[in-house]
Amino acid sequence: MSEDPASIRSAEQSTLSEIWTNPSHRRWIGWAVLAFAFLSVGLHRTSMGVLAETLVRTFEMSGAELGFLHSSFFYLYAALQLPAGIFTDYVGSRKTAVYGTLAMSVGSVVFALSPSYVWALVARALLGVGASVLYLAILRFCANWFRANEFATLSGLTLTVGALGGILATTPLAVAVSRIGWRGSIFGIGIAGILATVAVFLVVRNTPSDAGLSQINGVPPAPTQSVADIKSNLASVLRTPATWLLGVLLFCGIGIDYTIFGLWGIPYLVQSYGLTVTRASTYVLIAGIGWVGGPVIFGVVSDRLETRMPLVLGGVLVISAIWVTFAVVGTVGLYVVGALFFITRFMGGGGVLAFTVIKEQFNPSAAGTAMGAINSMGWFGAAVFPVVFGAVLDTFWTGDMINGTRVYTETGYRIGFALAAGASLLMVVCAFWTMRRLDGESTPGSE
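Numbering follows my numbering, in which position 71 of the sequence shown is assigned residue number 71; successive positions increment by one, without gaps.
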């Protein structure tokens with residue numbers, strides 16, 4: 001005997017209502033919507049690698065100009081991290097995420113319609129403005145809806161979603177560009193962003209109480225902020241040595257990562273190995289898979305073992321060894337390239353723990369400000385390193401061109417990798433120094 005359709009619908013509605021009104025379930029819905037918006041951040045941060053040769057032909061750019069176009073996203077992204085952290089602490093994650101996602105969507109549409117290099121530069125900058133607030137908005141949401149011993153895991157999961165966006169910016173984007181062109185592809189991303197903006201507005205709430213739900217056990221109530229509190233928190237963050245050590249670590253780590261995997265990795269493979277852009281993008285995709293797994297695994301292991309900096313130190317030691325290998329050996333086998341790219345980005349996932357470490361040094365009311373401070377320094381690295389790397393390549397360029405695109409030398413790329421190796425060694429120093437300082441503090445989080 002079949003069940004009454006009305007009864008089935010009633011049961012389904014009851015189940016959905018239970019999920020929606022249960023704070024332990026509702027928090028995951030909110031996080032998922034924010035994570036969907038964050039996908040496009042990962043995509044735009046690394047899309048220039050696939051678009052590089054097409055944009056060079058479209059706007060007739062040099063390597064340094066391409067590097068600056070790529071970096072224009074990161075200059076504003078970096079400059080706004082500290083204000084974004086303060087803003088998120090003050091107005092909450094919902095409004096911050098709505099404004100950021102909308103700005104990024106508009107920037108994507110403008111970039112797709114850009115008639116000149118200047119317009120493309122403006123659009124990339126607008127993308128950077130919008131993207132600058134999303135990660136911190138998600139972390140603020142997680143601090144308000146999840147327990148402290150879940151935070152590193154959630155931070156890792158969020159970066160994993162961003163990594164998935166980065167994967168979409170490799171072979172999938174290359175295929176889309178080959179079929180509908182780069183303008184159509186970027187325009188479509190902008191439309192998807194507008195849909196994400198609407199979803200964030202409708203679903204996300206700053207705290208369980210804002211959603212009309214009870215407080216989750218083990219999660220402290222969201223702190224209220226006055227202007228005086230903001231000033232006090234900012235002063236405390238800026239005078240803490242760990243802020244600067246972790247900031248320099250992220251400056252080098254994010255800078256190198258997005259220089260090679262976000263911009264110059266694909267041109268390197270195309271010009272040094274004779275690959276097509278689509279095939280070269282698969283090696284960056286392999287690296288992206290490492291970035292998908294790294295942050296969440298480091299986060300889970302860190303929460304389980306209740307340790308942070310030793311994991312970070314281990315990761316940067318491996319990364320340093322890999323960039324030294326590229327600088328000293330030069331061209332290696334493609335299978336080796338794929339393996340080393342994967343390992344580099346997997347180990348780079350340990351950088352997510354920097355946000356947990358800095359959050360644990362301060363009161364909850366300063367969490368966004370502290371995380372914004374070190375994130376700002378990290379993304380300044382992503383703005384600086386691509387331009388420097390491009391200038392190095394231009395310096396050793398011999399004048400060769402194919403189809404309007406500059407062909408750079410192996411020497412230029414090796415010196416660029418030497419730059420990455422030096423920055424990685426500085427990361428080792430910062431990680432070790434931070435670990436020693438924190439080991440000497442008997443009461444972390446007492447700021």
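C-beta atoms are modelled at their ideal positions from N, C-alpha and C, and glycine is treated no differently.
Are the CB atoms of residue i and residue j nearer to each other than 7 Å?
i	j	result
Met377	Leu250	yes
Cys252	Met427	yes
Thr207	Leu136	no
Val50	Leu66	no
Val41	Gly166	no
Gly412	Leu393	yes
Gly299	Ser155	yes
Val133	Gly190	no
Phe342	Ile256	no
Val387	Phe73	no
Gly130	Tyr77	no
Ala354	Val200	no
Val33	Val296	no
Ile194	Ser62	no
Val248	Cys430	yes
Val357	Arg308	yes
Ala420	Ser281	no
Leu340	Met48	no
Leu80	Gly107	no
Ala383	Tyr75	yes
Ser93	Arg26	no
Ala391	Ala64	yes
Ala373	Thr243	yes
Ala123	Ser116	no
Ile138	Thr158	yes
Leu269	Tyr283	yes
Gly351	Leu311	no
Asp303	Thr153	yes
With a cut-off of 8 Å on the beta carbons, I'd call residue i and residue j a contact; round off their distance for me.
i	j	result
Phe389	Tyr408	Contact doesn't hold; Cβ gap of about 10 Å is too wide.
Gly348	Gly315	7 Å
Ala423	Ala327	Ala423 to Ala327, Cβ: 11 Å. No contact.
Ala37	Ala143	Not confirmed; about 18 Å, so no contact.
Trp379	Leu245	Not quite, the Cβ-Cβ distance comes to about 17 Å (not below 8 Å), so this is no contact.
Ser185	Ala176	4 Å
Thr369	Leu213	Their Cβ separation, rounded to whole angstroms, is 27 Å, which puts Thr369 and Leu213 out of contact at 8 Å.
Leu39	Leu164	6 Å
Phe59	Ala112	Contact flag wrong, Cβ pair sits at about 14 Å.
Tyr487	Ile230	Only positions 1 to 447 of the chain appear in this structure, which leaves residue 487 out of reach.
Thr170	Gln361	At roughly 36 Å, the Cβ-Cβ gap does not stay under 8 Å, so Thr170 and Gln361 are not in contact.
Arg205	Gly290	Not really, about 34 Å apart at Cβ, beyond 8 Å.
Glu410	Gly338	The pair is not a contact, with the Cβ atoms about 19 Å apart (cut-off 8 Å).
Gly30	Trp145	7 Å
Going by DSSP, what residue range makes up the alpha helix (DSSP H) through residue i?
i	result
Trp28	23-46
Met371	367-395
Met427	410-439
Asp400	Note, Asp400: premise wrong, no alpha helix (DSSP H); not H, not E.
Ala228	227-238
Ala109	Before going further, note that residue 109 is Val rather than Ala in the sequence given. Element bounds for Val109: 93-112.
Gly265	265-273
Ile343	334-348
Ala64	63-79
Asp257	241-259
Val352	Segment: none, Val352 is in no alpha helix (DSSP H) and carries neither H nor E.
Which residues does DSSP list as the beta-bridge partners of residue i?
i	result
Arg308	BP columns for Arg308 are empty, so no partner.
Arg179	In the DSSP output, where bridge partners are listed per residue, Arg179 has none listed.
Indicate whether at least one CB of chain C lies closer than 7 Å to the CB of residue i.
i	result
Gly162	Absent from the structure: chain C. Only one protein chain is present.
field: Completely contained alpha helix (DSSP H) runs for the stretch 120-162, where each covers 4 or more residues
entry: 134-145
Residue ranges of each beta strand (DSSP E) within the stretch 191-220, 3 or longer: none
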